[in-house]
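These protein sequences, in sequence, are chains A and B. Using this note's numbering, the letters of the first sequence map in sequence onto residues 1 to 113. Using this note's numbering, the letters of the second sequence map in sequence onto residues 114 to 229. Don't be surprised by glycine CBs; every beta carbon is placed ideally from N, CA and C. Below: the structure, in structure tokens.
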Amino acid sequence: LAKTTQPISMDSYEGQEVNITCSHNNIATNDYITWYQQFPSQGPRFIIQGYKTKVTNEVASLFIPADRKSSTLSLPRVSLSDTAVYYCLVGIKGSSNTGKLIFGQGTTLQVKP
Amino acid sequence: EAGVTQFPSHSVIEKGQTVTLRCDPISGHDNLYWYRRVMGKEIKFLLHFVKESKQDESGMPNNRFLAERTGGTYSTLKVQPAELEDSGVYFCASSQPGTASSYEQYFGPGTRLTVT
Numbered sequence: 001l002a003k004t005t006q007p008i009s010m011d012s013y014e015g016q017e018v019n020i021t022c023s024h025n026n027i028a029t030n031d032y033i034t035w036y037q038q039f040p041s042q043g044p045r046f047i048i049q050g051y052k053t054k055v056t057n058e059v060a061s062l063f064i065p066a067d068r069k070s071s072t073l074s075l076p077r078v079s080l081s082d083t084a085v086y087y088c089l090v091g092i093k094g095s096s097n098t099g100k101l102i103f104g105q106g107t108t109l110q111v112k113p
Numbered sequence: 114e115a116g117v118t119q120f121p122s123h124s125v126i127e128k129g130q131t132v133t134l135r136c137d138p139i140s141g142h143d144n145l146y147w148y149r150r151v152m153g154k155e156i157k158f159l160l161h162f163v164k165e166s167k168q169d170e171s172g173m174p175n176n177r178f179l180a181e182r183t184g185g186t187y188s189t190l191k192v193q194p195a196e197l198e199d200s201g202v203y204f205c206a207s208s209q210p211g212t213a214s215s216y217e218q219y220f221g222p223g224t225r226l227t228v229t
């Protein structure tokens, strides 16, 4: 899986929009970009997945530029409960892959009141 | 719908003892994964079952670890004998049939293993 780089930590305040950028310079043509969220004492939780341009769901938006060498997870109007670790993963979506997830250090987001 | 469950939530054992962790995936999920995070490190893949068959066990650290998935339902991960470096949080995840490569996996809360 392509190596990813993301900030170790970020701080924000309630009500703000938070953007977490992930670099994946070696992303391959067939790679998809996936983000997971992990709260303390819980397992990671799938947030969003995309291949190019923009993907939006009820939780977040994922912005992917044309060259796909980076991606940005956008969390609108965060609350204290959004305090968590956010992981960016890059890999192949296809029958040849076992679905093994490779986690990096992630970005610890601290939302303050 | 019940999520992925793991038992026990926390286990404290002495070095040399045996521990068995259990994972119950979401009903109907053929794919079952084990991961672990040891202190200060990243979450690491251990192995992947498709139904009762081991699809990928490349992450199993050594032969002290044995994973089984009888009948393609729940899975157990046995550590025998446990060593101090086995301490950490063991996560189980499952995903729907045919989506092994979709990266949308459902994780359990984890089992915290402490070896003293």
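In chain order, Glu14, Val111, Pro113 place their CB closer than 7 Å to the CB of Leu80 (chain A), counting only its own chain and leaving out the 5 sequence neighbours on each side. With the criterion set as a beta carbon lying under 9 Å from some beta carbon of chain B, the members of the segment 37 to 68 of chain A are Gln38, Ser41, Gln42, Gly43, Pro44, Arg45, Phe46, Gln49, in sequence order. When DSSP assignments are scanned along the segment 56 to 109 of chain A, the uninterrupted stretches of beta strand (DSSP E) that are 3 or more residues long and fall wholly within it turn out to be 61 to 64, 70 to 75, 84 to 92. Between the segment 98 to 105 of chain A and the segment 114 to 121 of chain B there are fewer than three C-beta pairs closer than 8 Å, too few to call the two in contact.
Around the beta carbon of His123 (chain B), a 10 Å sphere encloses fewer than 16 other beta carbons of the protein chains shown; the residue is thus reported as exposed.
Asp199 (chain B) sits in a helix when the DSSP states are folded into three classes. Taking C-beta separations shorter than 6 Å and ignoring five residues to either side along the sequence, the partners of Phe39 (chain A) in its chain run Ala84, following chain order. The shortest CA-to-CA distance from Ser166 (chain B) to any of B:Gln119, B:Tyr146, B:Lys191, B:Glu127 is the one to B:Tyr146. Residue state for Gly184 (chain B) is assigned as helix, using DSSP reduced to three classes.
Counting C-beta pairs closer than 8 Å gives three or more between the segment 128 to 143 of chain B and the segment 190 to 205 of chain B, which meets the contact rule. Listed along the chain, the chain B residues whose CB falls inside 8 Å of the CB of Thr34 (chain A) are Tyr216, Glu217. The beta carbon of Ile139 (chain B) sits no closer than 7 Å to any beta carbon of chain A. Note that the segment 27 to 36 of chain A touches the segment 44 to 56 of chain A; at least 3 beta-carbon pairs, one per stretch, sit closer than 8 Å. For Glu165 (chain B), no Cβ of chain A is located within less than 7 Å of the residue's own Cβ. A Cβ-Cβ distance of about 16 Å is found for the pair Tyr148 (chain B) and Ile139 (chain B), leaving them out of contact under the 8 Å criterion. At a cut-off of 7 Å between C-beta atoms, Pro222 (chain B) counts as an interface residue with respect to chain A. Neighbours of His142 (chain B) in chain A, taken as residues whose beta carbon is under 9 Å from its own, are absent, since the nearest beta carbon is some 12 Å off. Bridge partners of Ser166 (chain B) according to DSSP: B:Val163. According to the DSSP assignment, His123 (chain B) belongs to the beta strand (DSSP E) that extends over 123 to 126.
Glu155, Ile156, Phe158, His161, Gln168, Asp169: these are the residues of the segment 151 to 183 of chain B whose beta carbon lies less than 7 Å from some beta carbon of chain A, given in chain order.
In the three-state reduction of the DSSP assignment, Tyr51 (chain A) falls in the coil class, being assigned neither a helical nor a strand state.
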